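Single-structure report; data block below.
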Amino acid sequence: MTVLSTRNLETFYGAIMALRGVSIDVDQGEIVTILGANGAGKTTLMKTIAGLMDPEKGTIDFMGDQIAGLDPDRVVQKGIALVPEGREVFPYLTIEENLRLGAYTRRDSSADDLDLVYEYFPILKERRRQAAGFLSGGQQQMLAIGRGLMARPRLMMLDEPSLGLSPLLTQEIFGIIARLNAEQGVTMLLVEQNAHIALATAHKGYVLEMGRIVMAGSTEKLRASDDIQEFYLGRTGETQRDQKRWKRRKTWR
Amino acid sequence: MEMSRVDTSQYLSFDGHETITSLWADRCARYGDRVAHREKELGIWQAYSWRDYYDCARKIGRALMALGVKKGEPVLILAEDRREWLYIDLASASIGAIPAGVYTTDSAAQLAYLANDSGARVLFVENDEQLDKYLEARDRMEGIQKVVVMEREGLASFSDPKVMFLDELYAMGETEETREPGLFEEAIKAVRPEDPRMLIYTSGTTGPPKGAMITHRNMIFQMRSGSECLEFLESDNLLCFLPLCHVLERIVSVEAPIANGCIVNFAESPETVFDNLQEVSPDSFSGVPRIWEKIYSRVMILRSEAGPIGARAFDWALAVGHRYAQAENPGAGLRLAHAVADFTVLANLRRMLGLANARRVTSGAAPISPDLIHWFGALGVPLIEGYGMTETAGIATVNTVEDNRIGTVGTAIPGVEMRIDETGELLIGGPCVFGGYWNKPEKTAETMTEDGWLRTGDVGRIGNDGALTITGRLKDIIITAGGKNITPAEIESKLKFSPYVSDAVVIGDRRKYLTCLIMIDQENVEKFAQDRQIPFSDFASLTRAPEVRDLIGGVVAEANRQFAQVEQIKDFRLIDILLTAEDEELTPTMKLKRNFVNQRHAALIDEMY
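Chains as they are written, first to last, in the UniProt record's numbering: chain C, 1 to 253; chain X, 1 to 609.
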């Protein structure tokens, strides 16, 4: 079942067109990744879906409802949680307060979910009375993910969870992301600079360039593409010289 | 009456010079510090003089002599258009060697083929990217003794006994010249009119590429006859952007500026041509149909974005421009309307496109739609079509701005003779006929009739006014299962007039009916889909969108209406991969190659039958 589908989204920053017609589909239970260079429009896409920005054109269909143009809090109520780039935890609130804020829009009890979050992130339970500002970067990322989970979302959007984390911590975070997906069935839309780990974790991917989708498909297909290998996975071409400065032309196939 | 080929021993000279190289040396001496070339460096236009042209070429020439390059020996140049390309070109020709260009989009294997076929010992490459092609296939081109790299970037720590840099070559040439001056000038004198001036590799749509030898005499003839119908002035600014490996760009950006003293401006890259065109605003401009189609679709997109008032104003101005261009003697009312239309819309448009100064723009190398020529005429841009091929050393027939017979490719330039043989094939004779294929006498023999006419492989007719109309390629003629002969080029050019169609290939040889493979124009179709909220993600999904199929279906239906029943296209498919110049299916000028397309997309074709 398709949880989220965007059609021909166009989003502007003033006169600058950041999304030039983006159509993507996210199915129930999937992890879908959006790859792209800096400034490609990945975060803009997330913000547009979350209601932080309004699209100029295009539709966003979420579980059969049109959500384009809704206020962010309404989008959260509909069941989309955004784990923003750079964590954005509330530094002066305790960890538990931060987590409870994640469930703010819910009317039912969130006690089970708190236990669930603590189960996946034991370190948060250990330090639940401390102010979130004292956590390390990796722990803050865990907190941000946990906070997102507290809304019990139908779709979780993760914007660069690996930002500023060591490779080892990145692996740990992605391990948990994969587990959450497999064990809890959380559908995820994942924006990531680290294409290696994103392609290893996700089921499906889109490549965004200059606000347009240039390539789409299963992660196996993407991983096999020469362009992805050279431009996102950093494979160095096998030349006779030890270094290679020039880039081949992208063809996206 | 049996005609025979024009006597080739007839004396031909331009301004008293029988070879391009002696003409060039004379011009360099005459113009001295005047600007010959302009090229952008770090975003700023820099000027280079005729003295630079000569001095740099002399250094290269002397160094090549020191490297042992002999008279009659090909020298390969693999680079984008830039002034050094011309320096190497003239340096090689001056010492009697034969410069041959290699397309920058060619693969390592293709480079190896050209190296072996030409037997060249020296290869010039632009940068590390092109050098890698040599390094990749060096064991397959052992004949190459020296590779000269123009740019050092990215190669600081690189060294190889066979590879040197252009600045080292300059230094070597300078030392040679101080040691024993005057050898370069002597070499220029030794060049004979019948010597090859250049080797042009044909794109090879059938079989491997062949090197066509163009002699000095061929080019001197082009200068003489060309100057009678195509005016170049000393004050002209030109823009060089098509590959210099192609005979058309060589004539327009190398030979004609030498003969007429024009300034050549080099486009930064193939991607920036339209910006550079605007900056340079050349006095005359030669393009291939694809360029004109692109300009047309850019303007049409601008129109659609201009809002209802802007679009109405544009349509009105263009209609007035059209009537004005058609009228023999425009009346006072039309003249006034045209003045207003020109002032408010057309002149601005021309300035924006960079065609404001253009006295004449030409199209060649492939058929162009007559509608497009009319359209440019209405805009006030005098677009004329010419005809020629590598084997005619460039131009064979051309229209003139004064007498532009749209739909024809014009009359033969003075000295060129044409006739149509019994199969309908166009034969050409005269001093423009090339000197044969390099090391392929059997291929040369196949191209020539027994009495010395060149078989063009094109089917055409010559009107009573002497104007030539090309209807297609002889080998492209489709004979349907019903026995009907069809020349696909006419149908294809109708299809290509749509801004949504980039190129099309009509299929139907020995089949029941005609079908077509279409390459859509990515930019315009994406815009179409986006404007109508048609969802798509990548290029393949764009070609699968039903609305896009309907759009192209409409284009096909529109084209069909202009043809008889048997010539109509019954079905079509869209090519769902975005082709680039590196792909085998495309020529460097982005035309689809019929044979490759038929092979690569056989599955799509079979679907339609």
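C-beta: ideal position from N, C-alpha, C; glycine also. All figures in this text were calculated on a predicted structure; none of them were measured in a lab.
For chain C, find out if any of its Cβ atoms is closer than 8 Å to the Cβ of residue i; answer yes or no.
i	result
His17 (chain X)	no
Leu111 (chain X)	no
Arg5 (chain X)	Because the pLDDT at Arg5 (chain X) is just 44, under 50, the model does not fix this residue reliably, and the point stays unresolved.
Thr580 (chain X)	yes
Glu2 (chain X)	Low confidence applies here, because Glu2 (chain X) scores a pLDDT of 36, under 50, leaving its location unreliable and the question unanswered by this model.
Gln568 (chain X)	no
Gln530 (chain X)	yes
Could you confirm whether any beta carbon from chain X is found closer than 8 Å to the beta carbon of residue i?
i	result
Ile34 (chain C)	no
Thr2 (chain C)	no
Gly58 (chain C)	yes
Arg7 (chain C)	yes
Thr170 (chain C)	no
Arg154 (chain C)	no
Thr219 (chain C)	no
Thr48 (chain C)	no
Asn251 (chain C)	It should be pointed out that residue 251 (chain C) corresponds to Thr in this sequence rather than to Asn. Closer than 8 Å: yes.
Arg20 (chain C)	yes
Gly69 (chain C)	no
Met17 (chain C)	no
List, in order along the chain, the chain X residues whose C-beta lies closer than 8 Å to that of residue i?
i	result
Val214 (chain C)	Asp538, Phe539
Tyr118 (chain C)	Simply none; closest approach about 39 Å.
Tyr206 (chain C)	Ser537
Determine whether the beta carbon atoms of residue i and residue j lie at a separation below 8 Å.
i	j	result
Val191 (chain X)	Phe165 (chain X)	no
Arg62 (chain X)	Glu176 (chain X)	yes
Glu126 (chain C)	Ser162 (chain C)	no
Leu427 (chain X)	Arg461 (chain X)	no
Pro370 (chain X)	Ile395 (chain X)	no
Pro91 (chain C)	Ala132 (chain C)	yes
Leu349 (chain X)	Leu379 (chain X)	yes
Ala195 (chain C)	Leu165 (chain C)	no
Phe232 (chain X)	Val273 (chain X)	no
Val89 (chain C)	Gln140 (chain C)	yes
Glu585 (chain X)	Phe572 (chain X)	no
Ala68 (chain C)	Gly79 (chain C)	no
Ser118 (chain X)	Pro74 (chain X)	yes
Would you mind giving the Cβ-Cβ distance between residue i and residue j, rounded to the nearest angstrom? I have them listed as a contact below 8 Å.
i	j	result
Asp521 (chain X)	Pro499 (chain X)	6 Å
residue 612 (chain X)	Phe376 (chain X)	With chain X running from 1 to 609 in the structure shown, residue 612 (chain X) is simply not present.
Met156 (chain C)	Ala81 (chain C)	5 Å
residue 656 (chain X)	Arg51 (chain X)	This structure gives no information on residue 656 (chain X), because the portion of chain X shown stretches from 1 to 609.
residue 275 (chain C)	Val76 (chain C)	Because chain C in this structure spans residues 1 to 253, residue 275 (chain C) falls outside the shown range and cannot be described.
Tyr437 (chain X)	Lys210 (chain X)	5 Å
Pro282 (chain X)	Leu244 (chain X)	Not confirmed; about 16 Å, so no contact.
Gly466 (chain X)	Ala412 (chain X)	7 Å
Met219 (chain X)	Ala100 (chain X)	So it is not a contact: roughly 15 Å between Cβ atoms.
Using a cut-off of 7 Å between C-beta atoms, extract the partners of residue i located in chain C.
i	result
Pro535 (chain X)	Arg7, Asn8, Ser23
Check the Cβ of residue i against every Cβ in chain X and list those closer than 9 Å, keeping chain order.
i	result
Thr105 (chain C)	Within 9 Å Cβ-Cβ: nothing; Thr105 (chain C) doesn't reach chain X, min ~30 Å.
Within 7 Å: the Cβ of residue i and any heavy atom of the ligand COA?
i	result
Ser235 (chain X)	For the ligand COA, the structure offers nothing, since it holds no ligand at all.
Establish whether the CB of residue i and some CB of chain B are separated by less than 8 Å.
i	result
Ala317 (chain X)	Absent here is chain B; the protein component of the structure consists of chains C and X.
**the segment 540-559 of chain X touching the segment 218-235 of chain C, judged by at least three CB pairs closer than 8 Å** = Note that the segment 540-559 of chain X does not touch the segment 218-235 of chain C; fewer than 3 beta-carbon pairs, one per stretch, sit closer than 8 Å.
**Request:** Report yes or no: do three or more beta-carbon pairs, one from the segment 115-134 of chain X and one from the segment 78-86 of chain X, lie closer than 8 Å?
**Result:** Taking 8 Å as the limit for Cβ pairs, the verdict is that the segment 78-86 of chain X does touch the segment 115-134 of chain X.
**Message:** Quick test of the definition: if touching needs 3 or more C-beta pairs under 8 Å, does the segment 100-112 of chain X touch the segment 215-226 of chain X?
**Reply:** no
**Request:** Pair every Cβ in the segment 178-189 of chain X with every Cβ in the segment 80-96 of chain X, then say whether three or more of these pairs are closer than 8 Å.
**Result:** yes
**Message:** With three or more beta-carbon pairs closer than 8 Å as the criterion, would you say the segment 432-450 of chain X touches the segment 371-391 of chain X?
**Reply:** yes
**Request:** Determine contact between the segment 572-580 of chain X and the segment 526-542 of chain X, defined as no fewer than three beta-carbon pairs at a distance below 8 Å.
**Result:** yes
**Prompt:** Pairing CB atoms from the segment 353-370 of chain X with CB atoms from the segment 413-426 of chain X, are three or more of them under 8 Å?
**Reply:** no
**Prompt:** Do the segment 206-214 of chain C and the segment 30-38 of chain C make contact, defined as three or more Cβ pairs closer than 8 Å?
**Reply:** yes
**Asked** How do the segment 128-146 of chain C and the segment 165-179 of chain C stand: do at least 3 beta-carbon pairs fall below 8 Å, yes or no?
**Response** yes
**Request:** Please determine if the segment 255-270 of chain X and the segment 324-344 of chain X are in contact, where contact requires at least 3 C-beta pairs separated by less than 8 Å.
**Result:** no
**Message:** Whether or not the segment 259-279 of chain X and the segment 80-90 of chain X are in contact is what I'm after, with contact meaning three or more pairs of Cβ atoms, one per stretch, closer than 8 Å; do they touch?
**Reply:** yes
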